[in-house]
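S.K.:
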């Protein structure tokens, strides 16, 4: 506790942390959380105080923004802030979900096109199809993890656009390490199933390639969205999964074609 006769100028912060009225509310929440502030002054261009944002206000902001990000990440249109699960009419809930589902449905059709393109290879070795769910599932899960990590990092300001190449390199290395670990498991699994050595190698190599590819795509898409001034949360995990499904399947079948001589 300061002595009663101590001047206020000795206690005050000469350069307090402030925001302007145009500051995004999510940024306000980050500032308050980062500096552990009880209140954040709002000033005009001349530095005159217009008001304050309290910690209670920030809690409301974080809840609202968090809800919005979760809904967008799941590909659902945001509703009113005071809505609850049971107060939203079923038809309205369907209307909010259907745009993304239609887009993902169309995107999923590319996976069918890839299968059709490699129809001869699949017909000559039916065992190739046994590991399609394993590979596209691995790619989708890997990409979704990367997207989740990057969206959070972008929201917290841990990652900036200038960090793009650093992020891509980091995720490429992470994808390679993950792929090598999962590839060893996949190799043993295919051999344990009684399949030939070449098919085991094709599946294992595909796991490595798909993990690297999914990690890089999972890093690129949120960064590109931020560069285009689009909320990265709009780039939902289902969309990444759809992208990786088709491309990962093509990677697998191309590798199988080369290693198995199909």
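Residue numbers (my numbering): 309 to 570.
All residues carry an ideal CB built from backbone N, CA and C; glycine is no exception.
What you are looking at is a predicted structure, and each value in this text was computed from that prediction instead of being measured.
1. Is there contact here, the stretch 405 to 416 with the stretch 517 to 525, by at least three beta-carbon pairs under 8 Å?
2. My guess is that residue 440 and residue 557 are in contact by the Cβ rule of under 8 Å, so how many angstroms apart are they, rounded?
3. Are the beta-carbon atoms belonging to residue 363 and residue 340 less than 9 Å from one another?
4. Name the residue from 404, 561, 438 and 551 whose alpha carbon lies nearest to the alpha carbon of residue 497.
5. Helix, strand or coil for residue 359 per DSSP?
6. Helix, strand or coil for residue 506? Go by DSSP, reduced to three states.
7. Among residues of its own chain, excluding the 5 on either side of residue 499, which ones have a beta-carbon nearer than 6 Å to its beta-carbon?
8. Going by DSSP in three states, residue 530 sits in which element: helix, strand or coil?
9. Where do the ends of the beta strand (DSSP E) carrying residue 488 lie?
10. Please go through the same chain and pick out, in chain order, the residues whose beta-carbon is closer than 7 Å to the beta-carbon of residue 349, but skip the five residues on each side of it.
11. Bridge partners of residue 350, per DSSP?
12. Going by C-alpha distance, which of 451, 464, 480 and 316 is nearest residue 333?
13. Helix, strand or coil for residue 441, going by three-state DSSP, please let me know.
14. Let's test the definition: count the other Cβ atoms within 10 Å of the Cβ of residue 513 and tell me whether it reaches 16, buried, or not, exposed.
15. What is the rounded straight-line gap between the Cα of residue 446 and the Cα of residue 521?
16. Using CA atoms only, rank isn't needed, just tell me which of 444, 551, 475 and 442 is closest to residue 457.
17. Report all residues from its chain with a CB closer than 6 Å to the CB of residue 560; omit the five preceding and five following residues, and keep chain order.
18. Distance, Cα to Cα, residue 567 vs residue 510?
19. From what residue to what residue does the alpha helix (DSSP H) around residue 428 run?
20. When the distance is taken between beta carbons, is residue 553 closer than 9 Å to residue 419?
M.R.: The structure says:
1. no
2. 7 Å
3. yes
4. 438
5. strand
6. helix
7. 508
8. helix
9. Premise fails: residue 488 lies in the alpha helix (DSSP H), 472 to 500, not in any beta strand (DSSP E).
10. 324, 326, 357 and 360
11. 327 and 359
12. 464
13. helix
14. buried
15. 11 Å
16. 475
17. 443 and 514
18. 6 Å
19. 427 to 432
20. yes
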